Amino acid sequence: MKVAVVVFPGSNCDADVAHAVEVTVGASVEMVWHASEFLPAGTDLVILPGGFSYGDYLRCGAMAARSSIMKDVKRFASSGGLVLGICNGFQILTEAKMLRGAFLPNRTLSFICRPCALRVERDDTPFTLRYKAGQVVRFPIAHHEGLYYLDKDELDAMEKRRQVVFRYATPAGEVTDEANPNGALNNIAGMVNEGGNVLGLIPHPERASEPVLGSVDGALMWQSISEWIKGGGAH
Amino acid sequence: MRYRASLLIYLKEGVLDIQGRTILRSLHDLGYGEVQDVRVGKYLRITLEAADESAARRQAEAMCSDLLVNDLIEEYSLVVEEEGK
């Protein structure tokens, strides 16, 4: 599996996510500077990593979404290629309008950094084949703007299309307001586009990919993607 | 000609403004019970070259839709005037 990790000025989870896909599924990783015009030939998966691209100036992800490489990322996604945006990467995907929605500051007004329980809503996406719907996983979260927002009509339509893939939940898998760390509408932690090939995710699977990190739940995501690519699901 | 575009961006009504709400509570704690609502926005002052004022406005509006404003959550007001006025 060939992975392109896009690096923006201010990305800081790029090396972590590259390490995670290398050690868990033996992916070959190329780091791609945001000012590049094209993704490497033969890319199977594009990752937009977490961090603080452009210092979170203006709006989180706003300027990264308009950087040179994003044209090719959009082309790649529209031809069915897999794109995964983690944390700031999810914010970039919404700002690039590759996913609907926007992010507001956490309702606590504080930066939150801790492990978090999530309920897997779908096990039929390329990113979640190895999970079971209803399963509870534990990924760390680390963000200040994680309140997912979309107006009610669009949110309802998005739910009807089953685009939500992960929700903040209790360790027993109940989706409650108490289990919602940031006030995200409908406890949304991760969602896909209508085609199912672009996933945005606020929590960090790369920080839960090896036993030494306290959880290996994230490794299943890399295994899912690898299996899907091997199965010829790619574009 | 050189123009100055003053741009005020704020969250749409109905979008949770958690900073505004926190400031409101703090003002109430200080005894300003008359305060009904606080909304927090951001102010951008853009200096640009344009043929005339309406061209300057059109250019600033294009910047808003291309980058400066996210119309899913934000609204804006824009004042354009010749620099130095």
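From first to last, the protein sequence lines stand for chains A and B. Residue numbers 175 to 409, in the numbering used here, belong to the letters of the first sequence in order. Residue numbers 1092 to 1176, in the numbering used here, belong to the letters of the second sequence in order. Virtual Cβ for every residue (Gly too), placed ideally from N, Cα, C. Since we're looking at a predicted model, the values are computed, not measured.
Along the alpha helix (DSSP H) that carries residue i, what are the first and last residues, could you check?
i, result
"S252 of chain A", "243-252"
"H317 of chain A", "That residue, H317 of chain A, is in no alpha helix (DSSP H); its beta strand (DSSP E) goes 310-317."
"K176 of chain A", "Taken as a continuous stretch (DSSP letters only), K176 of chain A belongs to no alpha helix (DSSP H), being part of the beta strand (DSSP E) at 176-181."
"F264 of chain A", "262-269"
"E348 of chain A", "Unbroken run through E348 of chain A: none, as it is neither H nor E."
Between the Cα of residue i and those of the options, spot the shortest distance and give me the residue it belongs to.
i, options, result
"A346 of chain A", "A:R293, A:P377, A:A178", "A:R293"
"K1103 of chain B", "B:V1171, B:V1170, B:D1162, B:K1133", "B:D1162"
"L258 of chain A", "A:L321, A:V372, A:R381", "A:V372"
"L329 of chain A", "A:V179, A:D298, A:E319, A:N367", "A:N367"
"L219 of chain A", "A:A382, A:G229, A:G254, A:L232", "A:G254"
"E1166 of chain B", "B:E1172, B:E1152, B:T1138, B:A1142", "B:E1152"
"G407 of chain A", "A:K326, A:L303, A:D351", "A:L303"
Does the beta carbon of residue i come closer than 8 Å to any beta carbon on chain B?
i, result
"A270 of chain A", "no"
"P279 of chain A", "yes"
"L273 of chain A", "no"
"A408 of chain A", "Caution applies to A408 of chain A, whose pLDDT of 49 falls short of 50 and renders its modelled position unreliable; the value that the coordinates give is listed next. With 8 Å as the cut-off, A408 of chain A does not count as an interface residue toward chain B."
"R335 of chain A", "no"
"A358 of chain A", "no"
"R288 of chain A", "no"
"A276 of chain A", "yes"
Tell me whether residue i is buried or exposed, calling it buried when 16 or more other Cβ atoms sit within 10 Å of its Cβ.
i, result
"P300 of chain A", "buried"
"E1140 of chain B", "exposed"
"E380 of chain A", "buried"
"R274 of chain A", "buried"
"Q1127 of chain B", "exposed"
"R283 of chain A", "Correcting the residue type first, residue 283 of chain A is Leu in the shown sequence and not Arg. Result: exposed."
"W207 of chain A", "exposed"
Between residue i and chain A, is there a C-beta pair that is closer than 8 Å?
i, result
"I1114 of chain B", "no"
"I1137 of chain B", "no"
"V1106 of chain B", "yes"
"L1169 of chain B", "no"
"L1118 of chain B", "no"
Identify the contact partners of residue i in chain A, using a Cβ-Cβ distance below 8 Å as the criterion.
i, result
"L1158 of chain B", "L232, A236, M237, R240"
Name the two residues that bound the continuous beta strand (DSSP E) containing residue i.
i, result
"I376 of chain A", "Taken as a continuous stretch (DSSP letters only), I376 of chain A belongs to no beta strand (DSSP E), as it is neither H nor E."
"F277 of chain A", "276-278"
"M365 of chain A", "362-366"
Which bits of chain A does residue i rub up against, with CB to CB less than 9 Å?
i, result
"Q1110 of chain B", "P279, L283"
Who are the neighbours of residue i on chain B, taking C-beta pairs under 7 Å?
i, result
"Y228 of chain A", "Within 7 Å Cβ-Cβ: nothing; Y228 of chain A doesn't reach chain B, min ~11 Å."
What residues from chain B crowd round residue i, counting only those whose CB sits closer than 8 Å?
i, result
"Y323 of chain A", "V1106, L1107, L1163, I1164"
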